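According to this note's numbering, the stretch in the sequence shown is residues 5 to 425, in order. Backbone N, C-alpha and C fix where the C-beta goes; we use that ideal spot for every residue, glycine too. Source: prediction; values computed, not measured. Let me begin by presenting the structure, written as structure tokens, before commenting on it.
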Amino acid sequence: MKLTAGAEKFHNKGGFFMKFKKVLTAGIAGAAICAMMAGTASAAGQEVVIWDYFETDAQKEMMQTLIDGFNESQDEFTASHVYVPFADYEKQLTLGIASGELPDLVILDGCSMASFIQLGLFGDISDAEINWDEYIQGPLESTMMDGKHYGIPFATNCTALYYNKDMFDAAGIAYPDENTTWDDFREMAKALTKDGVYGFGNAATNTDEGTFQCLQWLYTAGGSYTDIEGGIDAYRLMQEMIEEGSWTKECVNWTQSDVNNNFMAGNLAMQQNGPWQIPGIEANAPDLNYGVTVLPKRDADSGQATSILGGENMGVVNKEDMSGAKAFLQYYDQTEVMVNAMKQYGSYPPKTEAAQDSYWTDDPIQKAFLTQIETSIPRGPSASWPSYSSAIQTGFQEVMTSAKTPEQAAADTQAAVDAVQ
């Protein structure tokens with residue numbers, strides 16, 4: 005997740021640029037006015053305004069390339085986009101629902117979409133000319149409710165297991181792979197914890213970024229976001245490994261960037277993280293000898309471990325005229341367009357055919373993430389996801405800091421989850 009991520013997870017009404025109300029921040033209003041002026045100067049057709057929270061140069065370049073390509077592909081619509089800071093994003097969407105001052109398309113974290121569908125932000129676009137059956141099931145489901153489509157997945161990703169090959173070689177330990185079980189993983193981490201190096205670390209900060217990384221363990225143990233007690237073995241594994249010292253206790257304060265920085269610095273032999281870290285490793289630790297494989301499975305009789313989906317969706321704002329927004333989705337739905345965008349973005353296409361491009365399948369590290377995505381699931385989806393996430397991550401924090409036993413934490417978290425309306 006970018007978170008985006010996830011976190012490093014996840015990433016609309018007419019007349020938006022005709023009037024601004026005081027509910028929007030001055031910075032956002034200024035950015036919107038600039039976008040309006042630029043769009044008006046070049047507009048040959050109806051304007052399609054997109055909100056996003058993309059901050060990196062690569063993300064901004066990707067969006068501009070997409071918009072330029074769409075504008076050049078037809079003359080009925082002219083697209084433009086407005087940057088809204090991630091920290092303010094959901095607040096501004098909520099204010100926009102009340103004020104009517106919204107764009108035509110919203111790019112947002114996939115786990116947030118269900119709650120905004122329920123609030124009425126997005127319109128039913130099931131009649132759009134989209135190749136729905138070509139999308140990976142998990143990402144597509146995060147754009148739907150009650151069998152209706154409200155947008156399409158934009159980018160998808162998940163976390164997998166990074167490992168330092170040099171550390172494994174020095175310890176004489178075989179690399180982890182698709183057959184690695186929790187017992188194997190625990191022994192690896194224990195053997196590699198020495199000389200200031202921890203065997204394993206992940207991001208367990210008390211936010212949805214932490215939920216994004218920790219929830220996978222609960223599912224692999226047999227639980228779910230509504231069945232905490234069914235996954236109690238994950239709580240036991242976490243607490244025991246942290247008490248052994250092989251799963252760093254610092255993870256309760258770490259973001260995904262913190263985890264990757266420690267992996268690059270040689271402080272972690274293994275990390276759980278996403279593909280968006282690959283460019284940073286190439287730029288900042290080009291000599292790091294590492295591999296990536298799927299996350300460890302519970303036991304030898306289990307199938308491939310679950311991971312949690314990250315990434316963004318594109319939702320169409322509920323308007324009387326949604327033709328421009330649909331046209332933009334239909335443009336992005338083209339495999340070549342999607343592939344080129346995701347190469348720039350540093351994530352994976354949410355369509356099966358696009359994800360099989362040789363850019364990803366011919367690279368062993370990228371391919372490992374594609375394999376992991378096959379058993380990845382969305383957070384929720386639920387309109388009450390923020391409440392679920394808060395309750396779930398509190399439970400992980402209690403377990404990982406040994407504030408409660410796994411049994412007590414599971415019971416208390418189950419009660420908190422059951423209380424979510």
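Residue interval of the alpha helix (DSSP H) (run including residue i)
{"i": "residue 364", "result": "362–365"}
{"i": "residue 349", "result": "339–349"}
{"i": "residue 234", "result": "Careful: residue 234 lies outside any alpha helix (DSSP H) and carries neither H nor E."}
{"i": "residue 336", "result": "327–336"}
{"i": "residue 200", "result": "First-last for residue 200: undefined, no H or E at that position."}
{"i": "residue 283", "result": "282–288"}
{"i": "residue 170", "result": "169–175"}
Cutoff 8 Å: residue i Cβ touching any chain B Cβ
{"i": "residue 292", "result": "This model lacks chain B altogether, as it is built from one protein chain only."}
Helix, strand or coil at residue i according to DSSP, with G and I counted as helix
{"i": "residue 441", "result": "Any property of residue 441 remains undetermined from this structure, which presents the chain solely from 5 to 425."}
{"i": "residue 148", "result": "strand"}
{"i": "residue 414", "result": "helix"}
{"i": "residue 28", "result": "Model confidence at residue 28 stands at a pLDDT of 40, short of 50, so the residue's coordinates are unreliable; what they give is reported in the following sentence. Correct three-state label for residue 28: coil."}
{"i": "residue 399", "result": "helix"}
{"i": "residue 251", "result": "strand"}
{"i": "residue 272", "result": "strand"}
{"i": "residue 424", "result": "coil"}
{"i": "residue 448", "result": "Outside the displayed span of the chain (5 to 425) sits residue 448, for which this structure offers no information."}
{"i": "residue 214", "result": "helix"}
{"i": "residue 142", "result": "helix"}
{"i": "residue 240", "result": "helix"}
{"i": "residue 375", "result": "helix"}
{"i": "residue 44", "result": "Summary for residue 44: the model assigns pLDDT 40, below 50, so the residue's position carries little reliability; its value from the coordinates is reported in the next sentence. Note: residue 44 maps to helix in three-state DSSP."}
{"i": "residue 408", "result": "coil"}
{"i": "residue 258", "result": "coil"}
{"i": "residue 206", "result": "coil"}
{"i": "residue 419", "result": "helix"}
{"i": "residue 23", "result": "Any answer about residue 23 is weak, because its pLDDT of 36 lies below 50 and its placement is not dependable; what the coordinates show is given next. Of the three classes helix, strand and coil, the one that applies to residue 23 here is coil, per DSSP."}
{"i": "residue 65", "result": "helix"}
{"i": "residue 180", "result": "coil"}
{"i": "residue 106", "result": "coil"}
Bridge partner(s) assigned by DSSP for residue i
{"i": "residue 50", "result": "81"}
{"i": "residue 113", "result": "316"}
{"i": "residue 381", "result": "312"}
{"i": "residue 277", "result": "164"}
{"i": "residue 87", "result": "56"}
{"i": "residue 185", "result": "301"}
{"i": "residue 4", "result": "Residue 4 lies beyond the stretch modelled for the chain, which goes from 5 to 425, so this question has no answer here."}
{"i": "residue 392", "result": "Answer is none; residue 392 lacks a bridge partner."}
{"i": "residue 352", "result": "160"}
First through last residue of the beta strand (DSSP E) which encompasses residue i
{"i": "residue 156", "result": "155–157"}
{"i": "residue 90", "result": "From DSSP, residue 90 is part of no beta strand (DSSP E) but of the alpha helix (DSSP H) over 90–103."}
{"i": "residue 227", "result": "Segment: none, residue 227 is in no beta strand (DSSP E) and carries neither H nor E."}
{"i": "residue 294", "result": "294–297"}
{"i": "residue 126", "result": "From DSSP, residue 126 is part of no beta strand (DSSP E); its letter is neither H nor E."}
Distance cut-off 7 Å: residue i Cβ against heavy atoms of the ligand GDP
{"i": "residue 75", "result": "You won't find the ligand GDP in this model; it holds no ligand whatsoever."}
Selection from the options that minimises the alpha carbon distance to residue i
{"i": "residue 165", "options": "272, 346, 57 and 110", "result": "272"}
{"i": "residue 4", "options": "340, 305, 112 and 286", "result": "Because the chain in this structure spans residues 5 to 425, residue 4 falls outside the shown range and cannot be described."}
{"i": "residue 111", "options": "160, 263, 177 and 245", "result": "160"}
{"i": "residue 201", "options": "420, 422, 374 and 268", "result": "268"}
{"i": "residue 424", "options": "348, 401, 104 and 390", "result": "390"}
{"i": "residue 309", "options": "109, 378, 320 and 61", "result": "378"}
{"i": "residue 336", "options": "354, 284, 324 and 323", "result": "354"}
{"i": "residue 226", "options": "311, 63 and 339", "result": "311"}
{"i": "residue 381", "options": "318, 400 and 217", "result": "217"}
{"i": "residue 383", "options": "163, 270 and 219", "result": "219"}
{"i": "residue 255", "options": "278, 214 and 270", "result": "214"}
{"i": "residue 344", "options": "62, 109, 419 and 324", "result": "62"}
{"i": "residue 95", "options": "125, 146, 258 and 397", "result": "125"}
{"i": "residue 374", "options": "82, 162, 118 and 132", "result": "162"}
{"i": "residue 181", "options": "371, 131, 91 and 230", "result": "371"}
Note to self: Check whether the region 328–336 and the region 66–76 touch, using three or more Cβ-Cβ pairs below 8 Å as the test.
What the structure shows: yes
Item checked: the region 348–360 in contact with the region 192–199 per 3-pair CB rule at 8 Å -> no
Notebook entry, point to check: Counting Cβ pairs closer than 8 Å, one from the region 134–151 and one from the region 286–295, do we hit at least three?
Noted result: no
Notebook entry, point to check: Would the region 147–155 and the region 362–372 be scored as touching if the rule is three or more Cβ pairs under 8 Å?
Noted result: no
Check: Does the pairing of the region 241–259 with the region 162–178 give three or more beta-carbon distances under 8 Å?
Finding: no
Check: Counting pairs of beta carbons, one from the region 300–314 and one from the region 179–188, are three or more of them closer than 8 Å?
Finding: yes
Check: If we count Cβ pairs, one from each stretch, closer than 8 Å, do we get three or more for the region 47–57 versus the region 79–92?
Finding: yes
Check: Taking three-plus beta-carbon pairs below 8 Å as touching, is the region 255–264 in contact with the region 202–213?
Finding: yes
Next item on the list: Specify whether the region 230–241 and the region 120–138 touch according to this definition: at least 3 beta carbon pairs, one from each stretch, less than 8 Å apart.
Entry: no
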